[in-house]
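If you read the sequences in order, they're chains A and B. Read in order, the letters of the first sequence are residues 1 to 225 in the UniProt record's numbering. Read in order, the letters of the second sequence are residues 1 to 225 in the UniProt record's numbering. Even glycine gets a Cβ: it sits at the ideal position worked out from N, Cα and C.
Protein chains: 2
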Amino acid sequence: MSRRSGILEFAVLGLLRESPMHGYELRKRLNTSLGVFRAFSYGSLYPCLKTLVGQGWLTEEPGNAADDALAAALAGRRAKIVYRLTAEGKEHFEELLAQTGPDSWEDEHFTMRFAFFGQTSRDVRVRVLEGRRSRLEERLEKMRTSLARTRERLDDYTLELQRHGMESVEREVRWLNELIESERAGRDQRRSDPAGDSDRQSTDTGGPPRDRGGTRPDPSDDTSS
Amino acid sequence: MSRRSGILEFAVLGLLRESPMHGYELRKRLNTSLGVFRAFSYGSLYPCLKTLVGQGWLTEEPGNAADDALAAALAGRRAKIVYRLTAEGKEHFEELLAQTGPDSWEDEHFTMRFAFFGQTSRDVRVRVLEGRRSRLEERLEKMRTSLARTRERLDDYTLELQRHGMESVEREVRWLNELIESERAGRDQRRSDPAGDSDRQSTDTGGPPRDRGGTRPDPSDDTSS
DNA sequence: ACACCCATGTAAGGTGTTACATGATTAG
DNA sequence: CTAATCATGTAACACCTTACATGGGTGT
């Protein structure tokens, strides 16, 4: 039900999967980790949290430092309301991660998906990357024919805009090509789950882009409007 | 009154400035000329046209092939309702073109502004380009510091996303640099433009972007839609 | 005759923002 | 003690989309 396509919901579930947090902190994370691409305001975040609690995907806990040293450490101080993913919430998020529809190739959806590739199984990752790529190629096709037809009556600036736009898209396609190849390269065999059903957490799988790091919580900064 | 920030309005006025059109045709133009970046639906276009007529900026005319050969030619057949910019509408659009606010540097606004640079005086063009550039530089700054602080706890994919985002922005900055230089280079004096009547394609003012051998302006601007 | 683009509209709803209201906690 | 930041929320509304309703014109 609910018919929420919910980019925000997705992001919230994904972030809370990593660790419980309160709203304020959550928003900061949204606007830094993913925030180059999209900024959310409290006016949408808090109602969203309410909804998710209503669905049974989150719980609200008062921020007691006692039983919640982790959250306290994360926030750097005692938190007021800590949101935590429930078992159902986790399951739901994993379903979301596993399913791919035409939506997944669109700009914002795609970016979100990518941001959580760390939790995504490789076959889904590849499907999403390829879907995105063909979406972009469609777009390029359209731009080219439309440009061919209207080139004559466009002024220099409009043409430049068009050119710049196409180049951007082409660049992203090349990027995707590299990523896809990189995914395939990372120990080729072992595709998908023989079991058919999921749950199988991605875990490593070999070859993402590069680089490695530990994990240390640290409050992040503001990006507010 | 009005309080419409109206990207759509801006685009409609701008397109109708070039020549009268009916809604259907208008929408196609919106979604090709400018359409890589943004697509509008009839559900927003027609109400917008009504509003603009209400403001006195457009007139609705029945599409009579007799007195309106131009529209007929454009549409390829007899048009139903032709929208035409009034004198007030034209004046209003020119005001919009002349004013630059912090809005003008944001993604969508900027793209729209750029699309109508052909009608914009050079000093305004430069102001917009520079405003955009410093907006992007701000953004880069934020990304860098935020990245420096959080690098440790980000997984490879998030990092890659971040990296790609920054590279995109950096590319757009380089693109802007070239455009700005190109504007400055094009016969320095002679700024601004008196007016253009009817479908007078305005301004020339010297130097739009030229394709130069050897330099490859480069884009970036995903994230939009 | 049927299908398919042209062409115009409207009602309902989704998704998010702005501006406001409120207060606790920390730093100078 | 005062200012800034942390922290949570709500009401109003901006802006656009989807799905629907309707009908003319043109090609096969």
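- When the five nearest sequence neighbours on each side are left out, the beta carbons in the same chain lying within less than 8 Å of the beta carbon of Arg133/B are those of Val173, Leu176, Asn177, Ile180, in order along the chain.
- The beta-bridge partner set that DSSP reports for Thr59/A consists of Arg84/A.
- For Thr150/B, the closest of Thr120/A, Gly131/A, Cys48/A, Thr32/A by C-alpha to C-alpha distance is Thr32/A.
- Taking 9 Å as the cut-off, the Cβ atoms of Arg27/A and Phe40/A count as close.
- The way I'd put it, the region 88 to 98 of chain A does touch the region 38 to 58 of chain A; three or more beta-carbon pairs between them come closer than 8 Å.
- With fewer than 16 neighbouring CB atoms inside 10 Å of its own CB, Gln99/A falls in the exposed class.
- Taking Phe117/A as the centre and dropping the five residues before and after it, the same chain places the C-beta of Arg125 closer than 7 Å to its C-beta, in chain order.
- Inter-residue distance for Thr158/B and Ser44/A is about 23 Å (C-alpha atoms, whole angstroms).
- As DSSP reads the structure, Met21/B sits in a beta bridge with Tyr83/B.
- Apart from sequence neighbours up to five positions away, the residues of its chain that approach Ala115/A with a beta-carbon distance below 8 Å are Ala11, Gly14, Ser33, Leu34, ordered along the chain.
- By the rule that beta-carbons nearer than 9 Å mark a contact, Met21/B does not touch chain A.
- If you look at Val36/B, you'll find it isn't in any alpha helix (DSSP H); DSSP assigns it neither H nor E.
- For the region 32 to 59 of chain B, the set of positions with a beta-carbon nearer than 9 Å to some beta-carbon of chain A reads Thr32, Ser33, Leu34, Gly35, Val36, Phe37 in chain order.
- Contact check for Met143/B against Met112/B fails: the beta carbons are separated by 9 Å or more.
- Annotation for Thr100/B: no alpha helix (DSSP H) segment contains it, and DSSP assigns it neither H nor E.
- For the C-beta of Gly101/A, not a single chain B residue is nearer than 7 Å; the gap to the nearest is close to 17 Å.
- Annotation: Cβ neighbours of Trp175/A in chain B (cutoff 7 Å, chain order): His164.
- Annotation: Ser134/B has no Cβ neighbours in chain A at a cutoff of 9 Å; minimum Cβ distance is about 17 Å.
- Of Glu137/B, Gly101/B, Glu130/B, Leu97/B, the smallest CA-CA separation from Ser121/B is found for Leu97/B.
- A residue is called buried once 16 or more other Cβ atoms fall within 10 Å of its Cβ, and Tyr42/B, having fewer, is exposed.
- Per DSSP, Arg151/B lies in no alpha helix (DSSP H) segment and is marked neither H nor E.
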